[in-house]
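One structure is given here, and the rest of the page talks about it.
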Amino acid sequence: MRRQPGTGEQLPHARPQPSAELVPANSTQTSAISVLEALPDPVVVLNHRGQITGWNPAAEELFGWYGEEVLGRPWTEFVVADGTNGNALSHLDSIGSTVQRGGTWEGSFPITTRNGDSLLARVRAAPMMSGGMITGTVVTAIDLFGSDASRDDQQRAAARAAVRAAVLSRAGMQLGTSLDTGRTLAALAEILVPAFADTCVVDLLDENGVAQRLVTVHSTDTAPCPPMRSGTEIHYPARHPCDRALRTGRPVLIQGAPRVKALDQDEECDRKSLLLDAKSLIAVPLLAPSGVRGVLAIALTEDADPTPRYDTADLELVEELAARAGLALENAAMFDRQRTLALALQKSLLPTDLPLPDGVSIRVGYAPGAASEVSGDLYDVVELSAGRIGVVIGDVQGRGAHAAAVMGQLRAALRAYAVLDVQPGQLLSYLDELVRGLNEEILVTCVYAIYDPFTRRCALANAGHPPPLLASAHGTYPMEVPPDVPLGIGPLGPGGGKGAVQFEDHIFSIPPGDVLVMYTDGVVERRDQSVDTGVRTLCLAIERVVREPRAICRAALRAAGSEAHDDQAVLAMATSTVDLPLSRLALPARPEAAFAARHHTRAVLREWGLSEHAELAELLVSELITNAVRHASGPRPTPWSFSDSDQYSDPEPPPMAEDMMELAAVREYADHLGALDEENELDLLAEPGLLDELGMLDGTLAAPGGSRRLDLVLRRGLRALWIEVHDPDVRLPRIRQAAETDEGGRGLYLVDALSARWGARPTDAGKFVWFEIPLF
């Protein structure tokens, strides 16, 4: 009497008779069935449709069904009673797909017997081949609970399953939270070793399809496959599992040492390709939508277990990890493309070649932060009128290409406003209106300063940015320029009118040799320290180096550290220890002022060794003085601004009679001095008596009768000469189109035609009109 299958009890009923169509037809089939029945382990044979064609007595005992009851029917009806074991069903689907690809599946999962009992089975499925085609499947199963001898296997299987679950959980967290390809895959390898493997390597394909080693991790320091420098080219043998995985895009499982050894080429090749002393190996391609990106391979090499090997469940785990890694690689590649675009955009929007203005030395340092995206840091240096310099540094809140694009808009607007020569506070007010007009929730901080190297005076306005530092011989310290509100968020005036947000101008002098240091918040902000601590650290770092802009920028970036989260930008401007040539002359707003201005210009240029430029300079100075005299002596107009009602041009010229009266007055005064002759004019300033007669005291021409004063300023730079005239009229001049019969209206036309450039800038007390003459 036989035991009832699946229970160990005796069967009281007889075995069912097989149906006629399943009776063996020839001796070959009879021999195969005899061999099958003689096997001690449960064996199930399936055709290509998954129907049972072989079911030996050991399978009857394990599953509880006689062979005559199951032949010709789908095996899932009997291995999983009523289809209720979802875990087993998923494994059965995996078995079918693996065998159809020509692979072998091995793993452990619970199954249900005929009488409803559950058991843990160790299952192995392999394809049957005929004529090079897959014709069926051979499945073997062992009850891990069925004997005392298998209890150790059961415990090992349970422990292995727990390890797989832990590895999958940890790896999933790592792969889902990072966009750094190298660090992500290195962390994944360290999770697999030593918990799941003795050795793990990751290779990525370069743009030419050549494998390059990215990660090598071993469980011991004496591993047979030594660590390689990242980027080392790896050329696998043709039969190597990693080569097969890369070529076919399919995973490869090698379960035993004999199969690994069959692939040996030579020791050096094996040492690089993970085969030396490997006893079981898995190689899985890293797949992405764009194709195969690389390969992940793990191996068991230790001798603690006499028969170490991976099974199909292990392969499925590594496949899952590789799939997640491939997705992470694709995300990282997409991010790299976006970051490269943002960096290129940011680089194109930031200045590459800074100007070389007179009287200062300027350097900029910039370093991207450790964060995954670029930020909106901006800096710039603008050459202004009369040799003055505008310097700016700022930060757009946010990261990525959008922040860089906003930064570019602000930089373009800033340069346009800077050309207008407005004061720093007024310029920030214009930028504030621009930021509000973007209709985006962004915050921008900015510091803008105008430095005059001839007078060493600096005007600075701060919109919510860290105050600049001043590095001097006495130390480095933050300047007392309290920040106003950032751009775009300050309170507007009643009704939200334009220009309601005002930014204060701070005026101060920068001593010779001192360095003005401007920086973004990424230089001083850290998650583990306060901003004040960061500023003190920056000051100490600057004090340790020479007061030279390049050295200061490098010291500031070193103090920020390579792990700084935000981008870091530093702008250092050192003032010259040598004074630049400068001459001033105050004149009355009277017709005779043009004569004195010409004479003073010629004398100063002769002293500076620029006599060859005197004739042109005198002509243009005379035109500016004449314009100022004509338009600066009337009633004071309303203050100049950018409103639509402002006057941008000179008023209409006076009548012809008035022009002739002015000309006659100038000639009469010059004849009286006997200075109409050019030679006498050159010596005018050397004659004290003439100075007294003109009312010129200490280089200043007195303004008789209380008339308004004009100021003539000459500045000599290394490459240019600037001459400017200040008058109390706040209206800005423009070139008029004079008719052929007009006696006047051509003065500014001459200035525009004969100078390198010219312009006007407003002041609190009027305006400067200036022109530039190149010296080389």
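All residue numbers for the sequence shown refer to the UniProt record's numbering, where the first residue is 1 and numbers rise by one.
All residues carry an ideal CB built from backbone N, CA and C; glycine is no exception.
All of these numbers come straight from a predicted model, not from anything done at the bench.
Residue j beta carbon less than 8 Å from that of residue i
| i | j | result |
| --- | --- | --- |
| residue 808 | ASP358 | What the structure shows of the chain is the stretch from 1 to 776, and residue 808 is not part of that stretch, so it cannot be assessed. |
| LEU185 | ALA325 | yes |
| ALA367 | ASP532 | no |
| residue 783 | ASN462 | The chain is shown from 1 up to 776; residue 783 falls before or after that span and cannot be answered. |
| LEU354 | VAL381 | yes |
| ALA245 | ALA211 | no |
| residue 777 | ILE723 | Because the chain in this structure spans residues 1 to 776, residue 777 falls outside the shown range and cannot be described. |
| LEU296 | LEU286 | yes |
| ALA572 | ARG363 | yes |
| GLY394 | HIS465 | yes |
| TYR310 | GLN397 | no |
| ALA449 | ILE552 | no |
| LEU378 | LEU329 | no |
| ARG124 | THR140 | yes |
| ILE389 | THR476 | no |
| LEU175 | LEU188 | yes |
| ALA597 | LEU721 | no |
| ASP432 | LEU384 | no |
| GLN100 | ILE52 | no |
| LEU557 | GLY376 | no |
| LEU205 | VAL292 | yes |
Status (buried if at least 16 other CB within 10 Å, exposed otherwise) for residue i
| i | result |
| --- | --- |
| ASN115 | exposed |
| PHE109 | buried |
| residue 779 | Since the displayed the chain opens at 1 and closes at 776, residue 779 lies outside it and no answer follows. |
| MET518 | buried |
| SER280 | buried |
| LYS347 | exposed |
| PRO733 | buried |
| PRO24 | Because the pLDDT at PRO24 is just 46, under 50, the model does not fix this residue reliably, and the value given afterwards should be weighed accordingly. Exposed, because fewer than 16 other Cβ atoms sit within 10 Å of the Cβ of PRO24. |
| ASP484 | buried |
| ALA760 | buried |
| ARG183 | exposed |
| VAL546 | exposed |
| residue 835 | Not covered by the structure: residue 835. The range shown for the chain is 1 to 776. |
| SER755 | buried |
| MET129 | exposed |
| GLN529 | exposed |
Enclosing alpha helix (DSSP H) for residue i [first to last residue]
| i | result |
| --- | --- |
| GLN426 | 424 to 437 |
| LEU214 | Counting along the chain, LEU214 falls outside any alpha helix (DSSP H), though it belongs to the beta strand (DSSP E) covering 211 to 218. |
| TYR749 | 747 to 754 |
| ARG602 | 593 to 607 |
Distance, residue j Cα to residue i Cα
| i | j | result |
| --- | --- | --- |
| VAL167 | ARG250 | 22 Å |
| VAL35 | PRO74 | 23 Å |
| THR98 | VAL44 | 17 Å |
| ALA765 | PRO728 | 6 Å |
| HIS474 | CYS458 | 20 Å |
| PRO127 | GLU233 | 36 Å |
| ASN47 | GLY172 | 38 Å |
| PHE196 | VAL70 | 39 Å |
| TRP105 | ALA121 | 13 Å |
| LEU214 | ALA313 | 26 Å |
| LEU684 | ALA603 | Because LEU684 sits at a pLDDT of 38, beneath the cut-off of 50, its placement in the model cannot be relied upon, and the point is left open. |
| ARG736 | ARG757 | 17 Å |
| VAL422 | ASN331 | 47 Å |
Extent of the continuous beta strand (DSSP E) run through residue i
| i | result |
| --- | --- |
| ILE191 | Segment 181 to 192 is the alpha helix (DSSP H) holding ILE191; no beta strand (DSSP E) there. |
| ASP727 | 720 to 727 |
| PHE771 | 766 to 774 |
| VAL43 | 43 to 47 |
| GLU106 | 105 to 112 |
| CYS52 | Before going on, a small fix: residue 52 reads as Ile here, not Cys. Per DSSP, ILE52 belongs to the beta strand (DSSP E) from 52 to 55. |
| VAL481 | Taken as a continuous stretch (DSSP letters only), VAL481 belongs to no beta strand (DSSP E), as it is neither H nor E. |
Which residues DSSP lists as bridging residue i, in chain order
| i | result |
| --- | --- |
| SER280 | LEU300 |
| residue 777 | Coverage of the chain is limited to positions 1 through 776, which leaves residue 777 absent and any answer about it impossible. |
| ASP203 | ARG213 and VAL295 |
| PHE508 | CYS458 |
| ARG757 | GLU772 |
| CYS446 | GLY394 and ALA463 |
| LEU287 | VAL292 |
| ILE389 | GLU383 and TYR451 |
CB contact below 8 Å: residue i versus chain D
| i | result |
| --- | --- |
| ALA186 | Included in the structure is just one protein chain, with no chain D present. |
Residue i Cβ short of 7 Å to the ligand COA heavy atom set
| i | result |
| --- | --- |
| THR626 | With respect to the ligand COA, the structure offers nothing, as it holds no ligand at all. |
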